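Each residue of the sequence shown is one higher than the last, beginning at 183 in the numbering used here. For glycine and all other residues, C-beta sits at the position ideal for the given N, C-alpha and C. Just so we're clear, the structure is a prediction, and the values are computed from it rather than from any experiment. Written below as structure tokens is the structure these notes are about.
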Amino acid sequence: MSHLARIGYGEAQIRKRLALEDLTDIRWRATPIYRAEQLAVRDPLASAIDLFLLQGAIPLAELDRLFDKVDQEVLVRAGLLLLDEKGIARARASIYPVGDRLVFSDHAWPSLPHPGYAEVPPDQVMSVGTDSRWLARATVRRPVAAALDLCTGSGVHALLAASHSRRVLAVDINPRAAQCTRFNRVASGALNIEVRVGDLYEPVGGGCFDLITANPPFVPSPRDFLKYRDGGRSGEEVQRRIIAGLPEHLAPGGLAQMVTEFGERGDEPLSDRLREWLGGAAMDIHILRLREHSAADYALGHADGSDTYEAFLNSVHDWADNLRTQGYTRIVSVLLAFQWSDAALGPPWTRSEKPQSLHTIAGAEVAAAFAAERMVRHANFRELLARGRVRRAGPIALLETRVLGRDLRANAQAELLGKALPILQTLDSVEREVLVLIEKPLAVSELLALTQGLNLDQAAVLGATGSLIRRGLILLNPAEDMASSSAA
183 MSHLARIGYG
193 EAQIRKRLAL
203 EDLTDIRWRA
213 TPIYRAEQLA
223 VRDPLASAID
233 LFLLQGAIPL
243 AELDRLFDKV
253 DQEVLVRAGL
263 LLLDEKGIAR
273 ARASIYPVGD
283 RLVFSDHAWP
293 SLPHPGYAEV
303 PPDQVMSVGT
313 DSRWLARATV
323 RRPVAAALDL
333 CTGSGVHALL
343 AASHSRRVLA
353 VDINPRAAQC
363 TRFNRVASGA
373 LNIEVRVGDL
383 YEPVGGGCFD
393 LITANPPFVP
403 SPRDFLKYRD
413 GGRSGEEVQR
423 RIIAGLPEHL
433 APGGLAQMVT
443 EFGERGDEPL
453 SDRLREWLGG
463 AAMDIHILRL
473 REHSAADYAL
483 GHADGSDTYE
493 AFLNSVHDWA
503 DNLRTQGYTR
513 IVSVLLAFQW
523 SDAALGPPWT
533 RSEKPQSLHT
543 IAGAEVAAAF
553 AAERMVRHAN
563 FRELLARGRV
573 RRAGPIALLE
583 TRVLGRDLRA
593 NAQAELLGKA
603 LPILQTLDSV
613 EREVLVLIEK
623 PLAVSELLAL
633 TQGLNLDQAA
643 VLGATGSLIR
653 RGLILLNPAE
663 DMASSSAA
């Protein structure tokens, strides 16, 4: 592991070498192009990427430049490397860079030949894919006493939690996944991780946790074959039970975060389903909608049977028919965050946003969203706002559109630049004026004086200022009194 790190086998260098904006942009069908173009110069990094990420085969001469004979023997004994009589080396597992860590798991593209078995087994361990990276980047990283990672798979989220948790419990129903997590625990030296085999909360008992993470099986599959992927014909069989168990297992002040997909029916709010599964528990919910597919595109993307055209068409039919039976018109990828609500701040809230990307660490911004919601809902917020100072949270792009016709209408949208979660916010006319006026930090009393000349109602200005604070476009300072009261 340390040797791979020394030759540059990490997220940043691999992304740069493969000419990708982000590792989530990797396309397995483009493997021949990567080899012919980006990896044409066969230095040790190219050989490592080919062997451990692209599921390739390299000649022993390249392997010798990558590892000495002792390390090769260790990898062979560990079952990670296969050397054949033709002088070719193949990896029996992939090594995925995640931040500053390297994580072992099964190969990412099951359609390729896998050394040791003829076809993909149902107990395949999930690779570190796009959804795993999204959850890793959005998880709030703060010191906690106890963390729980459900559907742990390779253990990637347990490994990341181990750096800021005194104790981590990793659970998976798949014994092979638990074995993979144990291997990664030893390889990374994260000895504060305990691994248990079982069905979600069943091996947990009555314990409560300050952080709960989950990347469950969620695909609405007509086959329900792969344990790490398929969530039943609705896709909801596992995620529903995870959310239903949060009230019993999420500690006060704790945070639960999950990456998953949902089928949506017409205009049905996703929040209604989540609230139903919580069973009335008073929890605040933050939803990040990261990607959407039409039901037709989703069926095409998941259909198999590529051996013959007829088999592929039959698979497309099966997938599309199942989605139609469920009533799904689209499938949305989401990051969910749950936290116990504070009864003193009013009823539980749900906030849904659509960021334009998630390529960098965003946990601090998720935490800030919860803090901002609590701030503006505080009973003393208007009082503290009236005697506070406000400033823009950073450089802001203001986009304006005008609809021409009998009635000329103008719309404004704002985006806070340089953020991990770039979200385009729609502004009303008062919010736009307030945002434009705050060219430098202002006392709110000064802001109110400026808006008087624009004939704006004082209550409307304060309401717009609170809305901009809630959405992170401007910051209120100082807010120490309210922050300490909310924490208490």
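Taking 8 Å as the cut-off, the beta carbon of Val-498 is found no closer than this to the beta carbon of Ala-477. DSSP places Ser-309 in the coil class of the three-state scheme, outside both helix and strand.
Straight through space, the alpha carbons of Ser-403 and Val-386 are spaced by roughly 28 Å.
Note on Gly-570: 16 or more other CB atoms within 10 angstroms of its CB, so buried under the neighbour-count rule. Remark: C-beta atoms of Pro-357 and Val-379 approach each other more closely than 8 Å. In this structure the segment 520 to 532 does not touch the segment 501 to 509; the number of beta carbon pairs closer than 8 Å is below three.
Arg-506 carries a helical assignment under DSSP once its states are collapsed to helix, strand and coil. Counting along the chain, the unbroken alpha helix (DSSP H) around Tyr-480 starts and ends at 477 to 484. Beyond the five residues adjoining it in sequence on each side, Ala-544 comes within less than 6 Å, by CB distance, of Arg-319, Ala-320, Ala-602 and Leu-603 in the same chain, given in chain order.
For Pro-241, the uninterrupted beta strand (DSSP E) run begins and ends at 239 to 241, by DSSP.
Out of Met-557, Gly-427, Arg-422 and Leu-630, the CA that lies nearest to the CA of Gly-654 is found in Met-557.
Between Asn-366 and Ser-336, the C-beta gap is smaller than 8 Å, which places the two residues in contact. Contact between the segment 633 to 641 and the segment 572 to 583 is absent: fewer than three C-beta pairs spanning the two stretches fall below 8 Å.
Here Phe-234 carries a helix assignment [DSSP, helix/strand/coil]. Inter-residue distance for Pro-303 and Leu-408 is about 8 Å (C-alpha atoms, whole angstroms). Pairing Leu-518 with Gln-439 gives a Cβ-Cβ distance under 8 Å. Taking 8 Å as the cut-off, the beta carbon of Val-307 is found closer than this to the beta carbon of Cys-362.
Taking all protein chains in view, the Cβ of Ala-230 is crowded by 16 or more other Cβ atoms within 10 Å, so the residue is classified as buried. Straight through space, the alpha carbons of Leu-227 and Ala-372 are spaced by roughly 26 Å. Under the rule that a run must span 4 or more residues, the alpha helix (DSSP H) segments found entirely inside the segment 544 to 598 read 545 to 559 and 563 to 568.
Nearest to His-484 by C-alpha distance, out of Ala-433, Phe-444 and Arg-405, is Arg-405. According to DSSP, Phe-520 shares a beta bridge with Ala-438 and Ile-467. The DSSP-derived three-state label of Ile-215 is helix.
Just measuring C-alpha positions, the residue of Ala-596, Ile-240, Arg-512 and Leu-233 sitting nearest Ala-579 is Ala-596.
Under the Cβ criterion (8 Å, minimum of three pairs), the segment 232 to 239 counts as touching the segment 253 to 273. A direct Cα-Cα distance of roughly 16 Å separates Asp-253 from Ile-277.
Spanning the alpha carbons of Ile-215 and Asn-659 requires a straight line of approximately 52 Å. Boundaries of the beta strand (DSSP E) harbouring Val-377: 375 to 379, taken from the DSSP string.
Beta-carbon to beta-carbon, Glu-555 and Trp-531 are separated by about 6 Å, close enough to satisfy the 8 Å threshold.
By the criterion of a C-beta distance shorter than 6 Å, Asp-412 is surrounded in its chain by Pro-399, Val-401, Ser-403 and Asp-406, once the five residues flanking it on both sides are discounted. Just so you know, the alpha carbons of Met-465 and Gly-445 end up roughly 22 Å apart. The closest CA to that of Gln-421, considering only Ala-344, Arg-217, Arg-455 and Tyr-510, is found on Arg-455. Counting along the chain, the unbroken beta strand (DSSP E) around Pro-279 starts and ends at 276 to 280.
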